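Numbering (my numbering), first residue to last: 966 to 1092. Don't be surprised by glycine CBs; every beta carbon is placed ideally from N, CA and C. Quantities reported herein were computed from a predicted structural model and do not represent experimental measurements. The structure appears below as structure tokens.
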């Protein structure tokens, strides 16, 4: 009887040990899978970090280009303002020249009238 009892307990103990070994093996397998996933995560994190650095560089380049473009726009606006002033000066000059031309045209008409009157007087004196 004692022998059977020990045998039974021994078999139960063997089953418990086997069950615990299986449980440990399962935990070990899960742990190894988690380690693999962790390594994949580390690789992805490194790739994301590189991508973020690339995007920052692109953003910096874009910011620099935007600054250059804004500077060019400011320069062009100043040039446009200068051209506008030059144009206004030209318009003033053109008005002044038109006024002079008009005055000279009036003087010419006056001189032509005087010449005509003089020629008429000369003809009448000659006759």
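DSSP-derived helix/strand/coil call for residue i
i: residue 1046; result: helix
i: residue 990; result: helix
i: residue 966; result: coil
i: residue 1092; result: coil
Backbone CA spacing between residue i and residue j [nearest angstrom]
i: residue 1042; j: residue 1071; result: 43 angstroms
i: residue 1059; j: residue 1065; result: 10 angstroms
i: residue 975; j: residue 966; result: 14 angstroms
i: residue 1005; j: residue 1028; result: 34 angstroms
i: residue 1046; j: residue 1061; result: 23 angstroms
i: residue 1009; j: residue 998; result: 17 angstroms
i: residue 987; j: residue 979; result: 12 angstroms
i: residue 1074; j: residue 1084; result: 15 angstroms
i: residue 1035; j: residue 1026; result: 14 angstroms
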